[in-house]
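Below: the structure, in structure tokens.
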Amino acid sequence: MNVFEKKTHKVWVKTMLPQCGINEKNISAALPWSGLTWACIRILQLYAKVFDQDINKFNPKKTCKNCRCSKDGHEVQAEHGARSRLGLAGHEDGLNARSLGYTFVPPGLTTAKQVDQYYSTLPSEEVPKLGSKGETIRSQRIVKQLPKQDLSLSACKFVEQEYATSYEDFVSGRNQVALDVGVAKSAPPNSVCKSCDRPWSAQQIVVSAPRLGQMVWHPGCFKCSECDDLLVDLAYCVYNDKLFCERHYAEKMKPRCAGCDEVRIFFCNS
């Protein structure tokens, strides 16, 4: 390429290709993927959609600066679980999860035998035993299913002040009508699982969702209707009489930015 061609090429690139909005004065440099053009980001979005990939896995800010692994494994080390993350009061049942060898005990269970019975119905990798793969999966799901930016305005970086009230209204409305924590209990007589319609044996431990009345589920069926993952620490939201994790409930209400992972409050529901 000669000098003239190089100059022509530079002019063409500058005038014809989408310029990087991240470098504009009105765009925060803290946004993910700084240096990419909006066209590049759009390509990533399309790739993720076509190949069913999590677009946030391409985001370098999702990795730990020290060990380069996913931040999902670090964020909840000092937390007590979903209830703490949601700001809910703890349940007083006299059981200490760690003394039983677990990181979480379902609310409603009052004996070690019931806890073991509950977890015996789940695949081994889903059981949050101390030091196990299940403990890691639980920690990752707390981060994934209960994103902090959906729970507190202080965790949001890109909600403008003029939309702060709308954000608080969204959180308040969700907490009042949709968000809750399931309760484990013995199966009621003559009942079947809401998800699989299968009955259970007498005294089998099941899960109820108080916002859905008398409906009950097998522990392994208490899942998000969108991602099909077990609802971490039995935390759920209700939408159209279905169970969702908080992340996917929020996305039923508002679109989520693929870059910063925050719900876009300034969009209306319609």
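Take 1 as the starting number for the sequence shown in the UniProt record's numbering and just add one per residue. Beta carbons are placed, not taken as given, at the ideal position from N, Cα and C, and that holds for glycine. A quick note: this is a predicted structure, and the numbers were derived from the prediction, not measured.
Using the Cα positions of residue i and residue j, report the straight-line distance between them to the nearest angstrom.
{"i": "Asn175", "j": "Ser99", "result": "31 Å"}
{"i": "Glu126", "j": "Lys157", "result": "33 Å"}
{"i": "Pro189", "j": "Gly108", "result": "18 Å"}
{"i": "Leu122", "j": "Val159", "result": "39 Å"}
{"i": "Lys113", "j": "Gly101", "result": "13 Å"}
{"i": "Lys148", "j": "Val183", "result": "23 Å"}
{"i": "Tyr167", "j": "Ala82", "result": "21 Å"}
{"i": "Asp169", "j": "Phe244", "result": "20 Å"}
{"i": "Ala178", "j": "Val50", "result": "31 Å"}
{"i": "Glu162", "j": "Val263", "result": "15 Å"}
{"i": "Trp225", "j": "Thr110", "result": "The question names Trp, yet the displayed sequence has Ser at residue 225. Cα-Cα distance, rounded: 29 Å."}
{"i": "Arg85", "j": "Ser208", "result": "21 Å"}
{"i": "Tyr118", "j": "Ile43", "result": "45 Å"}
{"i": "Val192", "j": "Val232", "result": "22 Å"}
What residue does the alpha helix (DSSP H) around residue i start on, and which one ends it?
{"i": "Ala82", "result": "82 to 86"}
{"i": "Ser120", "result": "Counting along the chain, Ser120 falls outside any alpha helix (DSSP H), and DSSP gives it neither H nor E."}
{"i": "Glu135", "result": "133 to 145"}
{"i": "Phe170", "result": "164 to 177"}
{"i": "Leu231", "result": "First-last for Leu231: undefined, no H or E at that position."}
On the CB-based measure, 16 or more other CB atoms within 10 Å of its CB, does residue i come out buried or exposed?
{"i": "Ala164", "result": "exposed"}
{"i": "Ala250", "result": "buried"}
{"i": "Asp150", "result": "buried"}
{"i": "Gln53", "result": "exposed"}
{"i": "Gly134", "result": "buried"}
Quick one: what does DSSP say residue i is sitting in, helix, strand or coil?
{"i": "Arg198", "result": "coil"}
{"i": "Ala184", "result": "strand"}
{"i": "Cys237", "result": "strand"}
{"i": "Ile43", "result": "helix"}
{"i": "Val50", "result": "helix"}
{"i": "Val216", "result": "strand"}
{"i": "Leu100", "result": "helix"}
{"i": "residue 276", "result": "Only positions 1 to 270 of the chain appear in the structure, and residue 276 is not among them; the question remains open."}
{"i": "Gly35", "result": "Reliability of the predicted coordinates at Gly35 is poor, the pLDDT of 49 falling under 50, and no value is obtained from them."}
{"i": "Val263", "result": "strand"}
{"i": "Lys223", "result": "strand"}
{"i": "Lys157", "result": "coil"}
{"i": "Lys254", "result": "coil"}
Terminal residues of the continuous beta strand (DSSP E) containing residue i?
{"i": "Leu243", "result": "242 to 244"}
{"i": "Ile205", "result": "205 to 208"}
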